[in-house]
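Residue numbers (the numbering used here): 24 to 333.
All C-beta atoms in this analysis are idealised placements derived from N, C-alpha and C, irrespective of residue type, glycine included.
What follows is a short report on a single structure.
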Amino acid sequence: MPCSVPTRFSEHTSPDWVAYFNANCEPITETAWSLEPTLTLAERDRIARSVQIFQRGESGTGSHLMKCALTYAEQSGDEVYPQALQLFIDEENRHADALGRFLDQEEISRLEREWSDSGFRRLRKLAGLEQCVVTLLAAETIAMAYYAALMSATGSPTLAAICRRLLADEVGHLRFQAEQLGRLRQRRNPITLAAARWRDRLILRGAMLLVWRTHRPVFRAAGWDFNWFERNIFAQARVVRSHEQRQIAKLNEVSVDQVSANQVSLNQATTLNEKMPPTVDCSTSRRHFVAESISSHSSRSRPSGIRPTA
């Protein structure tokens, strides 16, 4: 049975996330897999390299990240956080396994090394926990758009099933990382916090441009242009930011209502109409998410994505 993302706007502890990730290890249904390749030659040419790169990016031990998490646990007293983070890393590796199995099914080789993935890994190794989380949030935010597009880029039922599952998992990943970022920033003064968020946007924009340049054939196959891609990314980023801000407000004993009153523009931005690229609210339950994703991806005449709940 699919597992729901922890409840909306409540403060979740590391034990909450351990319970969530432990309950969230249901494998992709075996009926999704095929004994024969499911891509046409044209589809294979369009997406093969792209899926290889993302498969490589989803894998890894996260050794530096775990080292940072252990240091944070000692300093903060949150001894369960490293366990929650390890379960998150395990889930990312299950994503890599699913994409790898798809590559095997389609008789496409796996990459041992890829320059953009290596660059992201080096960047994280130079950073502390906060910057690692920021980098992960940028990658996960972009992955939401990528997997939504990939699901519509081919007629492969296997790939569509994988993308639905990965998108559903990313809902929890974004919420988990956004709340942790809020904890790390809870005592920042407004100027320091504003500077940090400016850096966040810079990292996200740089990653977004790189992904568009590298994976443009996938987005084009799904009917996406750059403007649609960009708006999708930043709409999702605003939702993620709202979770971070609410977490900071709770930890600093500031009224959530006060934070909400200052975010009218955020609420408007995340209520997407037909002209705005759909996205995912990190509070959506997976069951509702999957139902929405199937519905919103039923038509391939326009860019696809997931509409947030109110």
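*Does the segment 265-277 come close enough to the segment 190-208 that 3 or more CB-CB pairs lie under 8 Å?*
yes
*asked:* Determine whether the beta carbon atoms of leucine 340 and asparagine 45 lie at a separation below 8 Å.
replied: This structure leaves residue 340 out entirely; the chain is present only between 24 and 333.
_Nonlocal neighbours in the same chain, by C-beta distance under 6 Å from serine 37, ignoring five residues either side_ = Asp101, Val103, Tyr104 and Ala107
*Delimiting residues of the alpha helix (DSSP H) encompassing glutamate 115*: 104-128
*asked:* On the CB-based measure, 16 or more other CB atoms within 10 Å of its CB, does glutamine 200 come out buried or exposed?
replied: With 16 or more other Cβ atoms within 10 Å, it is buried.
_Measuring straight from C-alpha to C-alpha, what distance separates isoleucine 214 and serine 99?_
23 Å
*Does the separation of the CB atoms of isoleucine 185 and phenylalanine 242 fall below 8 Å?*
no
*Of the choices Glu129, Asn250, Glu115 and Leu122, whose alpha-carbon is the least far from that of leucine 64?*
Glu129
*asked:* Between which residues of its own chain and phenylalanine 249 is the CB-CB distance below 7 Å, once the five residues before and five after are set aside?
replied: The answer, listed in chain order, is Trp235.
*For asparagine 255, count neighbouring Cβ atoms within 10 angstroms of its own Cβ and tell me buried if that reaches 16, exposed if not.*
buried
*asked:* Taking only three categories from DSSP, how would you classify aspartate 39?
replied: Three-state result, aspartate 39: helix.
*isoleucine 226 and threonine 158 closer than 8 Å at C-beta*: Yes; because the gap between Cβ atoms is below 8 Å, this pair is in contact.
_Starting from cysteine 48, trace the alpha helix (DSSP H) in both directions and tell me its first and last residue._
Judged by DSSP secondary structure, cysteine 48 falls outside any alpha helix (DSSP H); it is assigned neither H nor E.
_Once the 5 residues before and after alanine 42 are set aside, which same chain residues still bring their CB inside 6 Å of it?_
none
*Is leucine 160 helix, strand or coil when you go by DSSP?*
In this structure, DSSP gives leucine 160 a helical state, which the three-state scheme calls helix.
*Would you kindly work out how many angstroms separate the C-alpha atoms of glutamate 297 and serine 175, rounded to a whole number?*
Since pLDDT at glutamate 297 reaches only 38, below the 50 mark, its modelled position is unreliable, and no value is offered.
*Is the beta carbon of methionine 167 less than 8 Å from the beta carbon of glutamate 193?*
For the pair methionine 167 and glutamate 193, the CB atoms are nearer than the 8 Å cut-off.
*Given a threshold of 16 other Cβ atoms within 10 Å of its Cβ, counted over all protein chains shown, does tryptophan 40 qualify as buried or as exposed?*
buried
*Is the beta carbon of leucine 152 less than 8 Å from the beta carbon of leucine 197?*
The Cβ atoms of leucine 152 and leucine 197 do not sit closer than 8 Å to each other.
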